[in-house]
Amino acid sequence: MPERAGKLLKVTLVKSPIGYNSRQKATVQSLGLRRMRQSVLIGDAPQIRGMIAKVSHLVAVEEVET
Numbered sequence: 003m004p005e006r007a008g009k010l011l012k013v014t015l016v017k018s019p020i021g022y023n024s025r026q027k028a029t030v031q032s033l034g035l036r037r038m039r040q041s042v043l044i045g046d047a048p049q050i051r052g053m054i055a056k057v058s059h060l061v062a063v064e065e066v067e068t
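Here it is as structure tokens:
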């Protein structure tokens with residue numbers, strides 16, 4: 003995992019999870035997103051990448067170097 007060392011992901015909620023199933027809403031919440039256009043910095047990990055993939059239609063992702 004050395005290629006991911008020091009990387010952060012900036013995840014921004016760009017679309018509301020209202021109208022989507024409860025699992026997708028829970029995934030958005032567990033990413034730390036509560037409001038529209040809110041951004042959070044999360045460490046790059048395979049588990050986080052999987053969560054983002056499940057709600058990719060609701061979020062925007064940027065890689066940030068530390």
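Just so it is clear: in the sequence shown, position 13 is 15 by the numbering used here, and no numbers are missing. Here a beta-carbon is modelled for each residue, glycine too, at the ideal position from N, C-alpha and C.
Note the first and the last residue of the continuous beta strand (DSSP E) segment covering residue i.
i     : result
Thr14 : Lys9 to Leu15
Val57 : Where Val57 is concerned, there is no enclosing beta strand (DSSP E), given that its DSSP letter is neither H nor E.
Quick one: what does DSSP say residue i is sitting in, helix, strand or coil?
i     : result
Ser32 : helix
Ala47 : coil
Using alpha carbons as the reference points, say which of the options lies closest to residue i.
i     : options                       : result
Leu15 : Ser41, Ser24, Ala28 and Gln26 : Ser41
Starting from residue i, trace the alpha helix (DSSP H) both ways and give me its first and last residue.
i     : result
Gly21 : Here Gly21 belongs to no alpha helix (DSSP H), and DSSP marks it neither H nor E.
Tell me whether residue i is buried or exposed, calling it buried when 16 or more other Cβ atoms sit within 10 Å of its Cβ.
i     : result
Thr68 : exposed
Met38 : exposed
Pro19 : buried
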